[in-house]
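**Q** Residue numbers (this note's numbering), protein chains in the order written: chain U, 1 to 370; chain F, 1 to 224.
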């Protein structure tokens, strides 16, 4: 029997469809990393499993019990799951020991002395026995998160849900928390981890889910997802691609506005000034070449797409222009150049892997910036 | 006349100290009862104010706005000479009603702001561990609200004590009234009124220490 089964999960906030139908079956011992851009619904998904968000549609089974069923005692079913939060959420008015023992003593009727012993064993595993009687407010983020993990382990959960467990930590503390999660992974605990730490996901997960547009857009083994993603959005996410597009619909288009847009885009992703200049120059020359030679009349339809991949620092330009077939780099550049061909000359010098095709009355030009 | 003689004449002679003590008792009585009932009523109003029922929400909002926006002495006179004029209720009883209503509005807002300052993540964490909504409130939310609200609640209590000094207007012989009477009787307003102020100061200080004490107790609970 699967430890966790989700069927057709849907959730909207007002008009915003956050989850658009998610199906997932998790077998015991699986470690699932959930990755995806901001606002793709991964956190809401975890919260829905715990029923902190009430799904609009769909069913969730935990170890065979349906938590979404009516008249079911969700408090009992929730005990089978543990949740680790981005913001730790330790009880601030209790010390570490009280934080750990509260739930097992009150809910599982564990003997307080036994609970304490168990807590000490767990604290030893995460290296925090000396902090047993400290208050959470006096501990660092990394320490708090390690204790929060112990708190969920005190209940012997069958599944642990991690909601971006390292996102609120400063970089020096990420390692200690990931180390603890790694040791849990070795104990064959079933885990669902929403994370932005790609290397960690690759190393720890047995399966990776890529969330986009409120659904599981692509899933597979870490190798499949990270080394050989199949679908467009996954590829863009894995390669950290960033986009800029600009559309031109009239001959007297707003050039400064476009250049400003490119400038902002370039600054946002840390392109150096030289590259930014070249990019702007290329785009400008290309547009004027096409306006002068391809477009007839005032019916202009030009689309400029710039893709920047943070991973390999490459810039790709996709350009389409409706009109007559025209390839600005058709002419041989080596001949004597007159002033009118200066644009083509610039393009030639700044582009790599240049290609031009003419399909259904549209010129399609792609190239990379050198 | 020497200074000690004046002190003797004002505060001791002819059982003057007994009268003062009596006034003090009335002040403490009205303050304590009003704080108790005001807090209970305030909690209920706060519950309505943050609740989901629109009508109750509106009523709570209006209540808070009216009570906080008008002088408590006006309210006291309205109730004593108006609303309860013909019922023959004892003035102290009416005063307790007035100050309870007054305190309730302040406590309701105080609790609401504490609720807003509360870290909701901790309650969610408790729920996911398997605690019911009620257990979560009892074990997590309530202790934390108390903690957040306490400093402001202390000053609300101290304010209340000062405000009860107006009950002389409705024939109640509280500490302020006794001091006023003594001052006229002995023709020693400076000494008498300063003495009265010192008594108020002492009550405030004791109140403050009482709240502070419970705070300390919480802090020392840390070690075992």
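Idealized CB from N, CA, C, for every residue including glycine. All values derive from a computational prediction rather than experimental measurement.
My assumption, with CB atoms under 8 Å, is that residue 140 (chain F) sits in contact with residue 162 (chain U). Please give the rounded CB distance.
**A** 21 Å between Cβ atoms; not a contact.
**Q** Identify the continuous alpha helix (DSSP H) that holds residue 97 (chain F) and give its terminal residues.
**A** Counting along the chain, the unbroken alpha helix (DSSP H) around residue 97 (chain F) starts and ends at 91-117.
**Q** Rounded C-beta distance between residue 78 (chain U) and residue 49 (chain F)? I'm assuming under 8 Å.
**A** About 30 Å; that fails the 8 Å criterion.
**Q** Compute the distance between the beta-carbons of residue 251 (chain U) and residue 300 (chain U), then report whether it is under 8 Å.
**A** yes
**Q** Check whether the segment 172-192 of chain F and the segment 46-65 of chain F are in contact - that is, three or more C-beta pairs closer than 8 Å.
**A** no
**Q** Locate the beta strand (DSSP E) running through residue 255 (chain U), then write down its first and last residues.
**A** Premise fails: residue 255 (chain U) lies in the alpha helix (DSSP H), 255-268, not in any beta strand (DSSP E).
**Q** To the nearest angstrom, how far is it from the Cα of residue 147 (chain F) to the Cα of residue 13 (chain F)?
**A** 46 Å
**Q** Does any CB atom of chain F fall closer than 8 Å to the CB of residue 76 (chain U)?
**A** yes
**Q** Am I right that residue 210 (chain U) and residue 225 (chain U) are in contact with their C-beta atoms under 8 Å? What's the rounded C-beta distance?
**A** 6 Å
**Q** Quick check on this structure: which residue in F:180, F:99, F:168 and F:110 has the alpha carbon closest to the alpha carbon of residue 151 (chain F)?
**A** F:110
**Q** I need the boundaries of the alpha helix (DSSP H) containing residue 39 (chain F), first residue and last residue.
**A** 16-50
**Q** For residue 314 (chain U), which of helix, strand or coil comes out of DSSP?
**A** strand
**Q** Let me check one thing: in DSSP terms, what residues is residue 358 (chain U) bridge-paired to?
**A** U:363
**Q** On the three-state DSSP scale, how would you describe residue 21 (chain U)?
**A** strand
**Q** Mind checking which residues open and close the alpha helix (DSSP H) that includes residue 135 (chain U)?
**A** Note, residue 135 (chain U): premise wrong, no alpha helix (DSSP H); not H, not E.
**Q** Is it buried or exposed, residue 113 (chain U), if we count other Cβ atoms within 10 angstroms and call 16 or more buried?
**A** exposed
**Q** Report buried or exposed for residue 371 (chain U), applying the criterion of at least 16 other Cβ atoms within 10 angstroms of its Cβ.
**A** Examination of residue 371 (chain U) is not possible in this model, given that chain U is present from 1 through 370 alone.
**Q** Roughly how many angstroms lie between the CA atoms of residue 93 (chain U) and residue 125 (chain F), to the nearest whole one?
**A** Between residue 93 (chain U) and residue 125 (chain F), the C-alpha separation is close to 14 Å.
**Q** Is the beta carbon of residue 27 (chain U) closer than 8 Å to that of residue 55 (chain U)?
**A** no
**Q** Compare the C-alpha of residue 96 (chain U) against each of U:151, U:276 and U:302 and name the closest.
**A** Of the candidates U:151, U:276 and U:302, U:151 places its Cα closest to the Cα of residue 96 (chain U).
**Q** With burial defined as no fewer than 16 other Cβ atoms inside 10 Å of the residue's Cβ, what is the status of residue 13 (chain U): buried or exposed?
**A** exposed
**Q** So which residues on chain U does residue 140 (chain F) lean against when the C-beta distance must stay under 7 Å?
**A** 91
**Q** Using only alpha-carbon positions, find the residue among U:164, U:49 and U:308 that is nearest to residue 8 (chain U).
**A** Taking the Cα of residue 8 (chain U) as reference, the smallest distance to any Cα among U:164, U:49 and U:308 is reached at U:49.
**Q** Sort out for me which residues DSSP pairs residue 84 (chain U) with in a bridge.
**A** U:162
**Q** With a threshold of 16 other CB atoms inside 10 Å of the CB of residue 363 (chain U), please say whether the residue is buried or exposed.
**A** buried
**Q** Between which two residues does the alpha helix (DSSP H) carrying residue 110 (chain U) extend?
**A** Counting along the chain, residue 110 (chain U) falls outside any alpha helix (DSSP H), and DSSP gives it neither H nor E.
**Q** Identify the residues that DSSP records as bridge partners of residue 321 (chain U): which are they?
**A** U:302 and U:363
**Q** Report yes if the C-beta distance between residue 194 (chain U) and residue 145 (chain U) is below 8 Å; otherwise report no.
**A** no
**Q** If we count the other Cβ atoms within 10 Å of its Cβ and call it buried at 16 or more, is residue 53 (chain F) buried or exposed?
**A** exposed
**Q** Does residue 162 (chain F) come within less than 8 Å of chain U when only Cβ atoms are used?
**A** no
**Q** Return helix, strand or coil for residue 451 (chain U), following the three-state DSSP convention.
**A** This structure leaves residue 451 (chain U) out entirely; chain U is present only between 1 and 370.
**Q** Report the neighbours of residue 2 (chain F) on chain U: residues whose CB is nearer than 7 Å to its CB, in chain order.
**A** Chain U residues near residue 2 (chain F): none, gap ~56 Å exceeds 7 Å.
**Q** Roughly how many angstroms lie between the CA atoms of residue 79 (chain F) and residue 70 (chain F), to the nearest whole one?
**A** 13 Å
**Q** Mapping the DSSP letters down to three states, classify residue 10 (chain F) as helix, strand or coil.
**A** helix
**Q** Rounded to whole angstroms, what's the CA-CA distance from residue 204 (chain F) to residue 34 (chain F)? Just pull it up for me.
**A** 16 Å
**Q** Report the three-state DSSP secondary structure of residue 226 (chain U) (helix, strand or coil).
**A** helix
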